[in-house]
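Have a look at the structure below before the remarks.
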Amino acid sequence: MTRIETVCSNRPRAGGAAWLRRLAALLFALACALGPPHARAQEVELSTFEVTRTDESVLLTFTIRYELPRSVEDALQKGVPLYFVAEADVYRSRWYWRDPRVARASRTWRLAWQPLTRSYRVSFGGLSQNFDPLGDAMTAVRGVARWKIADSAQLEEGARHYVEFRYRLDTSQLPRPMQIGLVGQSDWTLAIEHSARID
Numbered sequence: 028m029t030r031i032e033t034v035c036s037n038r039p040r041a042g043g044a045a046w047l048r049r050l051a052a053l054l055f056a057l058a059c060a061l062g063p064p065h066a067r068a069q070e071v072e073l074s075t076f077e078v079t080r081t082d083e084s085v086l087l088t089f090t091i092r093y094e095l096p097r098s099v100e101d102a103l104q105k106g107v108p109l110y111f112v113a114e115a116d117v118y119r120s121r122w123y124w125r126d127p128r129v130a131r132a133s134r135t136w137r138l139a140w141q142p143l144t145r146s147y148r149v150s151f152g153g154l155s156q157n158f159d160p161l162g163d164a165m166t167a168v169r170g171v172a173r174w175k176i177a178d179s180a181q182l183e184e185g186a187r188h189y190v191e192f193r194y195r196l197d198t199s200q201l202p203r204p205m206q207i208g209l210v211g212q213s214d215w216t217l218a219i220e221h222s223a224r225i226d
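226 is the number that the numbering used here gives the last residue of the sequence shown; the numbers go up by one with no jumps.
As structure tokens, this is what we get:
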């Protein structure tokens with residue numbers, strides 16, 4: 028009888044409290060990684076997208092509309108640089124096989140907070156520019172005018188061509204420990220894709 032009472036007792040067994048603490052810590056870490064239940068990916072929209080073909084070049088003009096989520100802006104203010112990437116692939120259409128890519132272009136912008144000057148720096152290639160308000164810095168990374176994505180000579184006369192465009196916040200360039208912590212956090216999913224014919 029004593030043995031049955033011990034087995035059926037509601038008292039935790041030895042080491043039970045430590046096991047419950049580990050389970051609670053694991054559930055808390057999982058909840059932090061997934062974010063709140065109502066969290067969703069930030070809305071990203073193309074407000075301008077125009078492909079122009081000249082005698083020498085294929086040019087792309089685009090403007091993207093979105094706002095940085097609070098968690099992303101907080102990381103920026105704490106010294107984490109953000110990288111935004113735009114990529115454009117030009118393809119030639121053909122009915123009998125996979126469409127071949129005839130040109131590829133990409134740009135990367137680096138956005139960083141400068142605490143000494145209390146300004147934001149946007150770097151592209153070897154060029155940098157400082158902005159006081161964040162809104163002006165974001166304007167610099169959300170679009171470009173007359174970006175050369177191909178030479179007209181790369182396009183075959185009489186054939187149909189199109190461009191596939193991608194833009195994203197590139198989390199692969201963040202510090203490695205931070206990348207692991209962002210798994211499942213939709214706030215950091217800023218991306219859009221679009222395709223258009225080249226006339």
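Cβ coordinates follow ideal geometry from the N, Cα and C atoms, glycine included.
1. What are the complete alpha helix (DSSP H) segments, minimum 4 residues, inside the region 158-214?
2. Give me, in chain order, the residues of the same chain whose beta-carbon lies closer than 7 Å to that of isoleucine 219; leave out the 5 immediate sequence neighbours on both sides.
3. Over the uninterrupted beta strand (DSSP E) stretch that includes glutamate 83, give me the two end residues.
4. Checking 8 Å against the spacing of the C-beta atoms, do serine 84 and aspartate 214 come in under that value?
5. Per DSSP, what kind of secondary structure is leucine 103 in: helix, strand or coil?
6. Please confirm whether valine 171 and alanine 223 have their CB atoms less than 8 Å apart.
7. Beta-carbon within less than 8 Å of threonine 75's beta-carbon, same chain only, minus the 5 sequence neighbours each way: which residues are those?
8. Run the CB neighbour count on tryptophan 136, radius 10 Å, all protein chains shown included, and call it buried at 16 or more, exposed below.
9. If you draw a straight line from the alpha carbon of threonine 198 to that of proline 142, how long is it in whole angstroms?
10. Per DSSP, tyrosine 110 forms a beta bridge with which residues?
11. Hey, could you find the ends of the beta strand (DSSP E) serine 146 is sitting in?
12. Just the Cα atoms here: how many angstroms apart are arginine 131 and glutamine 181?
13. To the nearest angstrom, report how far apart serine 155 and lysine 175 are at their CA atoms.
14. Tell me the rounded alpha-carbon separation between arginine 187 and isoleucine 225.
15. State yes or no: is the beta carbon of leucine 201 nearer than 8 Å to at least one beta carbon in chain C?
16. Taking the Cβ atom as the reference point for each residue, do phenylalanine 111 and leucine 138 lie within a distance shorter than 8 Å?
From the atom records:
1. 161-168, 203-208
2. Val71, Leu73, Ile91, Tyr194
3. Segment: none, glutamate 83 is in no beta strand (DSSP E) and carries neither H nor E.
4. no
5. helix
6. no
7. Thr88, Phe89, Thr90, Gly170
8. buried
9. 22 Å
10. Arg137
11. 146-151
12. 11 Å
13. 20 Å
14. 7 Å
15. No chain C appears in this structure, which consists of one protein chain only.
16. yes
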